[in-house]
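Asks: To start, I am sharing the structure in question, which I have written as structure tokens.
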Amino acid sequence: MAHLQINSVAGDRREVARETLDTLAVSLEGSLLYPDDDGFAEAILLWNGMIKKRPAVVVRAATTQDVVRTIDFARDNDLLLSIKGGGHNIAGLALSDGGITLDMAGMKEVEVDVDAGLVRVGPGCTLGDVDRATQEHGLATTLGFVSATGVAGLTLGGGFGYLTRRFGWTVDDLEEVEIVTADGSVRRASRGANADLFWALRGGGGNFGVVTEFVYRLHAVGPDVTAGIIAWPASQADSVLELYRTVVRSAPRELTVVVLMRNAPPAPWLPVAAHGTPIIAIVVCHSGTLDEARTDLAPIRAHGEPLADLIQVKTYVAQQSMLDATQPKGMHYYWKSEFLPDLSDDVLATYKAQFVDLSAPANQIVLFHIAGALEEHTEDDGAMGNREAAFACVIQAMWTPDSGAGDANRAWVRHAWEALKPYSTGGNYVNFQTEDEADERTRESYRSNYERLGSVKATYDPTNLFRVNRNIQP
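Just so you know, this note's numbering puts 143 at position 159 of the sequence shown, and the rest follows in order with no gaps.
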């Protein structure tokens, strides 16, 4: 009888009979893929090509009962299990190395209830799937910045985007979930049912089970917004950073402003002479009226001598995918992040200093202005916390797999992070933690909420079946 070597939760190799796995396979409405099956290679592709993990088998779930059966199988056989939604996590947490990966990509239902102002979303959906469906009705929920990102990972890690200033973290729009916990039970969780579990799921990651349906609150947004990017040569960085600080101090909640410095990409919207030279750019998204946007964006558009100004009226869906081309699948990525409470002179000077002699073509540090609606909630309103965060600072490196630039790029990210970390609130965004982060970084993400998360974990996953994540010990 043929056997497969599959990793256990403890990390040792277990021999599992192919016949035993076939018993699981025939019980599924979806499919079980072995490494030599068609579709296996596609199922284990991740956005971050730097991650080199390979599961022993992949289960492609089609229904909640497929999820139940897979969880029961992994638990009863003491096998390592991971959950893959969009596969967009920078640390590659979607894949178990040598274990079972439960791929949710087949569960992509989106159901908009206009009258109730809600949208029901399957765990295999991307942000683009949801945005396209809700924008047919001029509605949106708070999602991220890259449309290929999976909604499941984004949401369970807290989530933020262009609408955060108006409506809060993504989990502030979360109304209810269906989840399969470690004992194989299918539960509904909301503020009124299994409230402790629901609290933990609002930012606590994939530690508590497998969510098979998300229900989000919707808001009237779009279909058009005023949005885009404007860029200047880095010689104007001092005045642009001061402009940024001035604008965000009085920005209405309908306006999100993002600043970044990097070397100019070879993009057609930039002059050829600028390609490869240092630039500073501001990305905006204004979801208010056209007249409000025109007034609020006037200081930005009138500033200095920009290389290009692509701010325009466009669909919200188009803005949500504007940054997709800057993060292609399969490149190597390494990031660090911190939440900042303000933009002091020292912060801006330190930020700018990281770009002296920067030769990497795609490295950048992005400052996302958030705040706004976050401040309406207490720190313990959902596990995400970090309610005093005014800015998300994300230090990003990207390089081609064959460039040999990995060591230098990782070193640059770490150096810039060490320079900027003293200005942090003490919190960071768990979804942006890389594969090499220590457990202490996860604790820092949740701060005062961490101990409570451990208590919920002990209730719903006492043996830590769900451990391929930013793990919280029961």
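Cβ coordinates follow ideal geometry from the N, Cα and C atoms, glycine included. Note that the coordinates shown come from a computational prediction; the quantities given were computed from them, not determined experimentally.
Can you have a look at Trp253 and say buried or exposed, based on whether 16 or more other CB atoms are within 10 angstroms of its CB?
Replies: Taking a 10 Å sphere around the C-beta of Trp253, we find fewer than 16 other C-beta atoms and assign the residue as exposed.
Asks: Per DSSP, Ile379 is paired with what?
Replies: Residue pairing by DSSP puts Ile379 in a beta bridge opposite Lys320, Ile349.
Asks: Just to check my reading of the structure: Leu291 and Pro385 have Cβ atoms closer than 8 angstroms, yes? What is that Cβ distance to the nearest angstrom?
Replies: Their Cβ separation, rounded to whole angstroms, is 30 angstroms, which puts Leu291 and Pro385 out of contact at 8 angstroms.
Asks: Below 8 angstroms, how does it come out for the segment 248 to 265 and the segment 322 to 335: are there three or more Cβ pairs, yes or no?
Replies: These segments do not touch.
Asks: Would you mind reading off the limits of the beta strand (DSSP E) that contains Ile295?
Replies: For Ile295, no beta strand (DSSP E) encloses it, and the DSSP letter there is neither H nor E.
Asks: What distance in whole Å lies between the Cβ atoms of Ala173 and Val161, which are believed to be in contact at a cut-off of 8 angstroms?
Replies: 5 angstroms
Asks: Would you list the residues sitting across from Glu460 in a DSSP beta bridge?
Replies: Any question about residue 460 goes unanswered here, given that the chain covers just -15 to 458.
Asks: When the Cα of Ser11 is compared with those of Arg44, Trp401, Val(-7), His72, which residue comes out closest?
Replies: Arg44
Asks: Let me know the secondary structure DSSP gives Asn191 once reduced to three states.
Replies: coil
Asks: If we count the other Cβ atoms within 10 Å of its Cβ and call it buried at 16 or more, is Gln457 buried or exposed?
Replies: exposed
Asks: Check whether the Cβ atoms of Pro236 and Asp280 lie closer than 8 angstroms to each other.
Replies: Yes.
Asks: Leaving aside the five residues before and after Gly128 along the sequence, list all residues of the same chain whose C-beta is less than 8 angstroms from its C-beta, in chain order.
Replies: Leu111, Leu138, Gly143, Phe144, Gly145, Thr154
Asks: Compute the Euclidean distance between the alpha carbons of Ala221 and Met91, then round it to the nearest angstrom.
Replies: About 45 angstroms.
Asks: Kindly give me the distance between the Cβ atoms of Ile214 and Val242, rounded to whole angstroms, as I take these residues to be in contact under 8 angstroms.
Replies: Not a contact, Cβ separation roughly 11 angstroms.
Asks: Spell out the partners DSSP gives Val0 in its beta bridges.
Replies: Leu(-12)
Asks: Between which two residues does the alpha helix (DSSP H) holding Val135 run?
Replies: 135 to 140
Asks: As a quick exercise: from Arg394, Asp420, Glu402, Glu428, pick the residue whose alpha carbon is nearest that of Thr409.
Replies: Glu428
Asks: If you reduce the DSSP assignment to three classes, tell me which class His399 lands in.
Replies: helix
Asks: Relative to the C-alpha of Thr492, which residue among Glu238, Arg116, Arg104, Leu327 is closest?
Replies: As displayed, the chain neither begins before -15 nor continues past 458, which places residue 492 out of reach and without an answer.
Asks: Can at least three beta-carbon pairs, one atom from the segment 371 to 384 and one from the segment 392 to 411, be found at a separation below 8 angstroms?
Replies: yes
Asks: Please check the pair Leu464 and Phe375, which I expect to be a contact at CB under 8 angstroms, by giving their CB distance rounded to whole angstroms.
Replies: Past the edges of the chain, shown from -15 to 458, lies residue 464, and the structure says nothing about it.
Asks: Would you identify the three-state DSSP class for Glu421, choosing helix, strand or coil?
Replies: Under the three-state reduction of DSSP output, Glu421 falls in the coil class, being neither helix nor strand.
Asks: Let's see if you can read the secondary structure: which residues bound the beta strand (DSSP E) around Ile264?
Replies: 262 to 270
Asks: With 8 angstroms as the threshold, decide whether the Cβ of Thr443 is near any Cβ in chain B.
Replies: Among the protein chains of the structure shown there is no chain B, as only one such chain exists.
Asks: Roughly how many whole angstroms lie between the Cα atoms of Ile264 and Leu244?
Replies: 6 angstroms
Asks: Can you check whether the CB of Gly23 is closer than 8 angstroms to the CB of Asp50?
Replies: Gly23 is positioned such that its CB atom lies no closer than 8 angstroms to that of Asp50.
Asks: Assign Arg55 to one of three DSSP states: helix, strand, or coil.
Replies: The amino acid at residue 55 is misidentified as Arg; the sequence shows Ile. Ile55 falls in the helix class under three-state DSSP.
Asks: For Arg186, which of helix, strand or coil comes out of DSSP?
Replies: coil
Asks: Just to confirm the assignment, what range does the beta strand (DSSP E) spanning Pro217 have?
Replies: It spans 208 to 217 - the beta strand (DSSP E) in which Pro217 sits, taken as one unbroken run.
Asks: Where Gly134 and Ser(-8) are concerned, what is the direct C-alpha to C-alpha distance, given to the nearest angstrom?
Replies: 27 angstroms
Asks: Got a sec? Which residues, its chain only, sit under 6 angstroms from Ala403 by beta carbon, not counting five neighbours each side?
Replies: Thr334
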